[in-house]
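See below for the structure under consideration.
Residue numbers (the numbering used here), protein chains in the order written: chain A, 733 to 942; chain B, 2 to 400.
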């Protein structure tokens, strides 16, 4: 059997995950001095760093057993994985935001929504029975209403600074977000002991970190 | 304009040589096993009317199925599942057949996978259906056959996980939540999302069912899970499925299969036809569910004949991927290359027929000279060459 493989989301959550591992008492030298290596040994585990959506893909297919990834990406990807632990860090929320002082719901014309998360946006408006035109944007979504491409955006909002500085405001909060531990379904069954031991250590570390 | 003449559609692919062989080995192995236990083969049409699958119990979304109109505008599908067509057969052409019916199949099913997800739209499934009995003995027979199928096809460790649809149905029934909340709870239990499940359940009036549901994602493991769950329950309709699973577990232990069995009471299937025991299988080396099945006592009734049934299907492609383990081992070279001199083409073919009847794998050389035939044999690793001329056959060793 190969070692248990853990996929970590690069960027925003990376340092928090490192912190978590250290609190769990894992020797993370392999992660800190990673150089150009892509698969990093951390004690008996193998750790890989990947983009958020890829973390889910690797775990869904079982190429990695465990993943640490934001709830935002989990909601957007709709993958078949176990979502076992709310890590409580990387907190932010999905929100609908538009130009300051403009009533988004006014009028009866179809609204245009710019977002990096088309599935989340689609589901949100479906629940409101609202027909909207969703445009997928890859980078700074805040630009779209400012340039007149969209009426509003659906995006993750952490501090709200970017929104405020660009004369936008939150119209409605959709759902809170935080980092989660996900597990491949087959791995959970075939390697129950190893994975449960890891999850128990995560729970302990969470308590210490709080 | 783009022409797609040189590629296969997304979610499909060509299978070559050893990939075909490994699949055939798995398929024939499984078919032989099913046959040896008294199951008879059926093949259902690749094209079916949508109506066969258009039922709430199917749990299939139209957007996941290949649907198109026929010449009369009726909706047709590429078969997305084999159990429903077999239920149709059991209720129609086999309506007067003696019970129980033991049927097996080995055929492709078609579903639309998400774009670029790496999943296939076309998958071969091999499985059995035991129709007309709802006893413990039938369940045991099918579950042991599922275990044997996993043992036969996997290359390493394997696990069969068992649950009972009645347990969850009883719990969610006494929760008295609306349809939307029920759906949400099912999804959270299915994904073992403890945190969100807790939040959602605390919005509902606290009762015994809510307390058990809160623990449901944790209720998986060995036989002890059943005791833990029973300690949390009081209602007879919740306890009965647990007792049944325990009895089944006991029977499986008697034939020394308990270490391959686990219980997961959080195995919740949304909107589907399962009514009793449900199970799914995993093998070392695959991150996918390679086997799934269960008891469905109402489905055949939807086609007009009330018959209890249980069955399972095995994902041949996932098992083939495990067996190949990422590497393609080239098929062995033929045993003999047969070279016929000019004018002796017919004799060469006759000689090839003779050797193949003896069980040798032969290749008829199409080279224009003996020297180039020898060179060809060396190149692909054939160790014996038989030259056929007017005077007869000469055998040469090629090193």
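We treat Cβ as the ideally placed atom computed from N, Cα and C, and that holds for glycine. Note that the coordinates shown come from a computational prediction; the quantities given were computed from them, not determined experimentally.
Could you pull the DSSP bridge partners for residue i from this structure?
{"i": "residue 3(B)", "result": "Its beta-bridge partners do not exist; DSSP assigns none."}
{"i": "residue 111(B)", "result": "123(B)"}
{"i": "residue 70(B)", "result": "76(B)"}
{"i": "residue 824(A)", "result": "909(A)"}
{"i": "residue 164(B)", "result": "279(B)"}
{"i": "residue 390(B)", "result": "393(B)"}
{"i": "residue 865(A)", "result": "844(A)"}
{"i": "residue 310(B)", "result": "132(B)"}
{"i": "residue 888(A)", "result": "826(A)"}
{"i": "residue 915(A)", "result": "798(A) and 814(A)"}
{"i": "residue 943(A)", "result": "Outside the shown range of chain A (733 to 942) lies residue 943(A), about which nothing can therefore be said."}
{"i": "residue 831(A)", "result": "900(A)"}
{"i": "residue 50(B)", "result": "77(B)"}
{"i": "residue 883(A)", "result": "Its beta-bridge partners do not exist; DSSP assigns none."}
Reducing DSSP to helix, strand and coil, say where residue i ends up.
{"i": "residue 340(B)", "result": "strand"}
{"i": "residue 117(B)", "result": "coil"}
{"i": "residue 773(A)", "result": "strand"}
{"i": "residue 762(A)", "result": "helix"}
{"i": "residue 396(B)", "result": "strand"}
{"i": "residue 152(B)", "result": "helix"}
{"i": "residue 1(B)", "result": "Coverage of chain B is limited to positions 2 through 400, which leaves residue 1(B) absent and any answer about it impossible."}
{"i": "residue 273(B)", "result": "coil"}
{"i": "residue 898(A)", "result": "coil"}
{"i": "residue 294(B)", "result": "strand"}
{"i": "residue 778(A)", "result": "strand"}
{"i": "residue 15(B)", "result": "coil"}
{"i": "residue 315(B)", "result": "strand"}
{"i": "residue 102(B)", "result": "strand"}
{"i": "residue 942(A)", "result": "coil"}
{"i": "residue 819(A)", "result": "coil"}
{"i": "residue 874(A)", "result": "coil"}
{"i": "residue 856(A)", "result": "helix"}
{"i": "residue 930(A)", "result": "helix"}
{"i": "residue 753(A)", "result": "helix"}
{"i": "residue 263(B)", "result": "strand"}
Starting from residue i, find everything on chain A with Cβ-Cβ shorter than 8 Å and list it in chain order.
{"i": "residue 119(B)", "result": "789 and 793"}
{"i": "residue 1(B)", "result": "The displayed coordinates of chain B run from 2 to 400. Any statement about residue 1(B) would go beyond what the structure contains."}
{"i": "residue 280(B)", "result": "Ordered by position in chain A, no residue passes the 8 Å Cβ test against residue 280(B), which lies about 12 Å from the chain."}
Under 7 Å Cβ-Cβ, which residues of chain A neighbour residue i?
{"i": "residue 147(B)", "result": "The premise fails here: residue 147(B) is roughly 14 Å from chain A at the closest Cβ pair, so nothing lies under 7 Å."}
{"i": "residue 410(B)", "result": "The displayed coordinates of chain B run from 2 to 400. Any statement about residue 410(B) would go beyond what the structure contains."}
{"i": "residue 287(B)", "result": "794 and 918"}
Could you work out which residues of chain B lie near residue i, taking near to mean beta carbons separated by less than 7 Å?
{"i": "residue 921(A)", "result": "160, 162, 263 and 283"}
Going along chain A, which residues have a C-beta under 9 Å from residue i?
{"i": "residue 76(B)", "result": "Those within 9 Å of residue 76(B) in chain A number zero; the least Cβ separation is about 24 Å."}
{"i": "residue 402(B)", "result": "Within the shown structure, residues of chain B are numbered from 2 to 400, placing residue 402(B) beyond reach of any answer."}
Using a cut-off of 8 Å between C-beta atoms, extract the partners of residue i located in chain B.
{"i": "residue 868(A)", "result": "Going along chain B, no residue has its Cβ under 8 Å from residue 868(A), so there is no contact; the nearest lies around 13 Å."}
Interface residues of chain B around residue i at Cβ under 9 Å?
{"i": "residue 855(A)", "result": "The contacting residues do not exist; residue 855(A) stays about 12 Å from chain B at best."}
For the segment 338–385 of chain B, which segments carrying the beta strand (DSSP E) assignment without a break, of at least 3 residues, lie completely within its bounds, in sequence order?
The segment 338–385 of chain B contains these whole beta strand (DSSP E) runs: 363–365.
Interfacial residues, the segment 814–839 of chain A to chain B, with Cβ spacing under 7 Å:
Residues of the segment 814–839 of chain A whose Cβ lies closer than 7 Å to any Cβ of chain B, in chain order: 814, 815, 816 and 818.
What ranges does the beta strand (DSSP E) occupy inside the segment 162–238 of chain B, keeping only unbroken runs of at least 3 residues that lie completely in it?
You should have found no qualifying run.
Chain-ordered residues of the segment 12–40 of chain B with a beta carbon less than 8 Å from chain A
Against chain A - using a Cβ distance shorter than 8 Å - the segment 12–40 of chain B contributes no residues.
Interfacial residues, the segment 207–229 of chain B to chain A, with Cβ spacing under 9 Å:
Contact annotation: in the segment 207–229 of chain B, residues whose CB is within less than 9 Å of a CB in chain A are 218, 221 and 222.
Using a Cβ cut-off of 8 Å, which residues of the segment 924–937 of chain A contact any Cβ in chain B, in chain order?
If you check each beta-carbon in the segment 924–937 of chain A against every beta-carbon of chain B, the ones closer than 8 Å belong to 924.
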